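Everything on this sheet refers to the single structure shown next.
In the numbering used here, the protein residues as written are 15 to 210.
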């Protein structure tokens, strides 16, 4: 029998290897992106309903009206927000909460830089992976927390009422010193509720 030519074996091996590599590349290109581990966090329809804010109710007074912004629910990101009023009219404080769920990209590397950009320089321990607080003293405060793919911001602002260019204050405004403690307690409770 006639001897087989060595270069035919080599050519056949190269073609087979290319086919396997090309098929793998095609399959890889068709795979859905893996995204990030959501660590149990979920999207909710009404953030105000999930956020009980019991510690802030004790600190600020009766919980009043709620307001929610339109929800963002995209493959890469989900975002929900809620605004709640506390206390008597005229001495009212407004609490705003934003919950952002990063589904495709890890927000960790940029979180601290963004917090510093917003002027949040005081680190807070015992909540999430990273947390920063901005104490605005009598005017309120802002707490930003990152826990895996979930990013939270909670703000407290004292509402001023203006009439003919003059500030009108009726009722007693709550003491906001140490407000970071109930803010942290309520955010921990919200984080747990969003994992149920």
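Note that the Cβ used here is the ideal one computed from N, Cα and C, for glycine as well. As the structure is a prediction and not an experimental result, all values here were calculated from the model.
Check whether residue 81 and residue 97 have beta carbons under 7 Å apart: yes
Residue 198, enclosing beta strand (DSSP E) - first and last residue: Element bounds for residue 198: not the beta strand (DSSP E) but the alpha helix (DSSP H), 194 to 207.
Exposure of residue 191, with buried meaning 16 or more beta-carbon neighbours within 10 Å: exposed
4 or more residues per run - each alpha helix (DSSP H) lying fully within the segment 64 to 120: 68 to 74
Three CB pairs or more closer than 8 Å across the segment 135 to 142 and the segment 76 to 90: no
Continuous beta strand (DSSP E) stretch holding residue 145: start and end: 144 to 149
Classification of residue 106 by the beta-carbon crowding that lies within 10 angstroms, buried from 16 upward: buried
Residue burial classification, residue 167 (beta-carbon count within 10 angstroms, cutoff 16): buried
Buried or exposed by the 16-neighbour rule on C-beta atoms within 10 Å, applied to residue 129: buried
Local Cβ density within 10 Å of residue 74, reported as buried at 16 or more and exposed below that: buried
Beta carbon proximity, residue 106 to chain D, threshold 7 Å: Note that chain D does not occur in the displayed structure, where there is just one protein chain.
Rounded straight-line distance, which links the Cα of residue 63 to that of residue 155: 22 Å
Where residue 204 falls, given that 16 or more other Cβ within 10 Å makes a residue buried: buried
Nearest-angstrom Cα separation, counted from residue 94 out to residue 11: Outside the shown range of the chain, which is 15 to 210, sits residue 11, and nothing can be said about it.
Beta-carbon gap between residue 147 and residue 160 smaller than 7 Å: no
Exposure label - residue 5; buried when at least 16 CB within 10 Å: A question about residue 5 goes unanswered here, because the residues of the chain that appear run from 15 up to 210.
Range of the contiguous beta strand (DSSP E) that encloses residue 128: Element bounds for residue 128: not the beta strand (DSSP E) but the alpha helix (DSSP H), 122 to 131.
Residue 137 (DSSP reduced to helix, strand or coil): strand
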